Amino acid sequence: MREKILYLLGLAAFVILARDIYLIARLPPEAAQGYAFKIIFFHVPSWVGAGASVATALVASVLFLITKNFIFDAAAVASTEVGVAFLSAGMVTGSLWARPIWGIWWTWDERLTTTLVLWLLYVGYLMLRHAIEEPTQRATFAAVVSIFAFIGVPIDYFSIRWWRTQHPSPVFFSSTGSFPSDWGAIMGWNILAYLLLAAVFVAVRLEQEQAQRELDSLRRLAHSF
Amino acid sequence: MDALAVEGVWRYYGDYPALRDIHLTTEPGTCLALIGRNGAGKTTLLRTIAGFARPMKGKVLILGREPRDPETRRDIGFLGHGIALYEELSALENLMLFARLYGIADPRGRALEWLEKTGLERVRDGLVREFSRGMRQRLAVGRAFLHEPQVLLLDEPFTALDDRAIAVLQRLLREARERGRTMILSTHQLREALELASHVALLNRGRVAFHGACTAEMVADPGLVYARYGEG
Amino acid sequence: MGQTTIAEAPSSVQPATRARPSLWHQVFIIIAKDLRAELRTKEAVNAALAFAIMILTLFSFAFDPAEDETKMYAGGLLWIVFAFAGTLVLNRSFARELPNDCLDALIAAPISGAVLFLGKALANYLLVMAVELVALPVFGIFYYAKWYSHFWDMMLVLALGTWAITVIGTIFSALTVNIRLREVMLPLLTYPMLVPALMASMQLTVDLVNGKSVGTDAIWLKVLASFDILYTAASLALVEIVLVG
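Protein chains in written order, with this note's numbering: chain A, 4 to 228; chain B, 266 to 497; chain C, 360 to 604.
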């Protein structure tokens, strides 16, 4: 039953994505940026997916520390892994866009740099998990690191913003850019598709993590005879 | 009031329960020997009682209080596998450090007193780094006893001790018993433990398989408990 | 499972009221212990100092210290040196408790995790500060940097920046002490965490080296101070969980 729901959600995500790609492909080139602007339809949803995953990881980590229920630990690691994947996707799509528009693959602007720092933080989290054998200690320490990493998000963002800025200011919620409403609709659907994908990935990884833990405990039990 | 009350304690390593629904109560003055095979959960139980790890379900009360309560910790003495002494500090400095941490009024006097009791007064200014194995062990025993705890928790205390350290430890344990202290010791060395113990608890795969008074029969044949309750 | 108990000798052996050291006194006991143990061997401090001077030397090949432009990098360079050298001291902090299971004895003692953390962090702070205060004039000589033009401003930046390195380093030293690859894991976790604090310290130091006061970029002073406050609070709140679960 649970699996079927997951398949359905995944399928829905793919259908929406396919429709969006079709629509995006038919959009005319933008005045200043040509075709490269279309990357934004995949770039922004990556951030939304990453943000949602990382926030889920924080909530799950806090819940683990309070309840000591390992399902929250599994949720934390699953959403952190998906978050890292989406952060990577965001950086890659940003890079692909920057090359034709700015003439460079990478720039040390506020958003890219914040992302990179976050990516490093959460990769550190995943590496720490690999280095700890004992599951209770692993879950506890990882949860603490996750909380520490999340505290850093706003400080990182604002300090890097004051440091230097080259990134185009967000075209939504700001007066400088303009984004036609039908484009906005496509963006909305794409964000939904990405969020669905993130949810499916997290759910699959969570199941794997639970199974892995059960396996480890059975192995331990086998050794105790 | 019970010296120790373990009420339905569970502790897990991932999904594997290392302690399953442990219930144990001991009155003050009891000497409880925790026995069981490797991996039965003796060390985990002792560390949970000592407050190094929190139980995931159930609770531990020592003299009616939580183990993590600072007041409780003044009443606990713990002797584990490591000697818990600093190599770069002298014998006297090590004992004074712990005397201060336990809030003892005259740390130096108390430290000197215990150096004497463990036969180390002549090397009090020597660094632990330079000590022989036996000397370190005696100093470790002094460190665990120095604040005169009500409840002594000893994890495999006789393992790896040399003869002189065993003698010091046994003397101190008898003294402590006469003064009404409670002792819980996990051990493989059944004979040494059963001679001291008033009670025995056998752990088997994280459960208490047997808990009761230590009888003359058991002291005469230490294997008896295992044979009777061992692999249930 | 039989739960027999025998009534035994009376147990009314409550000792007389015991002296209770104040929290700061307990913190002081931990600081004194850590400093004494470290200063007896000076292992970590000497290594950190030698390392700092070595990196300062290596950087002189990357940037020409005589060029005017280097003044713009010098502040950043200095804090990279401090972060690297500081890690050597911080790695030892909880590692010192490992060999004989000393950490168990400290956790068993009647002090809270927060006291233990503060004591260790302050001891580390003094050690890292000492290394930095020696490295700073060396830096000034090697890179022709007038770090002393606003002396007290510089000390303020040094004090705040070093506390950031220390507080993060100490809590992560506790987290990584028992695990494989400890020496690698500590910097891997702490450096990305330290990014805002290092940025702020670098910017302020660049200003100071170029003869401006910290007032020029007061916002960075605020970033640094808020970083210190936020992470000190988080560490104090979470250290008990790190130590006993």
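All residues carry an ideal CB built from backbone N, CA and C; glycine is no exception. Keep in mind it's a predicted model, so treat the numbers as computed, not measured.
Inset, instruction - Look up residue 33 of chain A in the DSSP assignment and say whether it is helix, strand or coil. - result: strand
Legend entry - Short Cβ contact (8 Å threshold) for residue 159 of chain A with residue 110 of chain A: no
Legend entry - Residue ranges of each alpha helix (DSSP H) within the region 390-447 of chain B, 4 or longer: 398-410 and 428-443
Inset, instruction - Run through the region 314-358 of chain B for me and flag every whole beta strand (DSSP E) of 3 or more residues, listed as ranges in chain order. - result: 322-327 and 341-344
Legend entry - Residue from B:453, B:315 and B:357 whose Cα sits closest to the Cα of residue 386 of chain B: B:357
Inset, instruction - Give me the Cα-Cα distance between residue 81 of chain A and residue 505 of chain C, rounded to the nearest whole angstrom. - result: 50 Å
Inset, instruction - Using a Cβ-Cβ cut-off of less than 7 Å, give me the residues of the region 436-465 of chain C that come near chain B, in sequence order. - result: 458, 459, 460, 461, 463 and 464
Inset, instruction - Following the continuous beta strand (DSSP E) through residue 286 of chain B, name the residue where it begins and the one where it ends. - result: 281-291
Inset, instruction - Identify whether residue 17 of chain A lies in helix, strand or coil by the three-state DSSP scheme. - result: helix
Inset, instruction - Establish whether the CB of residue 490 of chain C and some CB of chain A are separated by less than 8 Å. - result: no
Legend entry - Beta-carbon spacing of residue 553 of chain C, residue 578 of chain C below 8 Å: no
Inset, instruction - Could you tell me the distance, in whole angstroms, from the CA atom of residue 47 of chain A to the CA atom of residue 480 of chain C? - result: 41 Å
Legend entry - Continuous beta strand (DSSP E) stretch holding residue 472 of chain B: start and end: 472-478
Legend entry - Proximity test, Cβ basis, 8 Å: residue 212 of chain A and chain B: no
Inset, instruction - Identify whether residue 179 of chain A lies in helix, strand or coil by the three-state DSSP scheme. - result: Confidence in residue 179 of chain A is poor, its pLDDT being 49 and thus under 50, which makes the residue's placement unreliable; the coordinate value appears in the next sentence. Coil at residue 179 of chain A, not helix or strand.
Inset, instruction - Using the Cα positions of residue 53 of chain A and residue 90 of chain A, report the straight-line distance between them to the nearest angstrom. - result: 6 Å
Legend entry - Per-residue DSSP class, three states only, for residue 681 of chain C: Residue 681 of chain C cannot be examined here, being either before or after the span of chain C that is shown, 360 to 604.
Inset, instruction - Can you grab the Cα-Cα spacing for the pair residue 332 of chain B / residue 310 of chain B, in whole Å? - result: 13 Å
Legend entry - Cβ contact (3+ pairs, closer than 8 Å) linking the region 579-594 of chain C and the region 447-466 of chain C: no
Inset, instruction - Label residue 458 of chain C either buried or exposed according to how many other C-beta atoms from any shown protein chain fall within 10 Å of its C-beta, with 16 as the threshold for buried. - result: exposed
Inset, instruction - For residue 419 of chain B, count neighbouring C-beta atoms within 10 Å of its own C-beta (all shown protein chains included) and say buried if the count is 16 or more, exposed if not. - result: buried
Inset, instruction - Kindly indicate which three-state DSSP category residue 298 of chain B falls into: helix, strand or coil? - result: strand
Legend entry - Proximity of residue 104 of chain A and residue 36 of chain A at Cβ, strictly below 8 Å: yes
Legend entry - the region 368-386 of chain B contacting the region 403-412 of chain B, beta-carbon criterion three pairs below 8 Å: yes
Legend entry - residue 439 of chain B: CB within 7 Å of a non-hydrogen atom of the ligand ZN: Looking for the ligand ZN in the displayed structure turns up nothing, as the structure carries no ligands at all.
Inset, instruction - Since I believe residue 73 of chain A is in contact with residue 390 of chain B (beta carbons under 8 Å), could you give me their beta-carbon distance rounded to a whole number of angstroms? - result: Contact flag wrong, Cβ pair sits at about 50 Å.
Inset, instruction - Give me the Cα-Cα distance between residue 11 of chain A and residue 56 of chain A, rounded to the nearest whole angstrom. - result: 20 Å
Legend entry - C-beta atoms of residue 49 of chain A and residue 83 of chain A nearer than 8 Å: no
Inset, instruction - Report all residues from its chain with a CB closer than 8 Å to the CB of residue 364 of chain C; omit the five preceding and five following residues, and keep chain order. - result: Low local confidence applies: a pLDDT of 41 at residue 364 of chain C is under 50, so the model's placement there is unreliable, with the coordinate-based value given in what follows. Correct list: empty, nothing qualifies.
Inset, instruction - Answer with buried or exposed for residue 179 of chain A, where buried requires no fewer than 16 other C-beta atoms within 10 angstroms of its C-beta. - result: Legend: pLDDT at residue 179 of chain A = 49, less than 50; position of this residue unreliable, no value from coordinates given.
Inset, instruction - Identify which residue in A:219, A:69, A:150 and A:201 has its Cα closest to the Cα of residue 17 of chain A. - result: A:201
Legend entry - the region 56-89 of chain A: positions lying closer than 8 Å to chain B by Cβ: 71 and 73
Legend entry - Cβ of residue 600 of chain C within 8 Å of any chain A Cβ: yes
Legend entry - Distance between beta carbons of residue 525 of chain C and residue 484 of chain C, contact taken as under 8 Å: 5 Å
Legend entry - Alpha carbon of residue 437 of chain C to alpha carbon of residue 20 of chain A, nearest angstrom: 49 Å
Legend entry - Against chain C: residues of the region 345-361 of chain B by CB proximity under 9 Å: 345, 346, 347, 348, 349, 350, 351, 352, 353, 354 and 358
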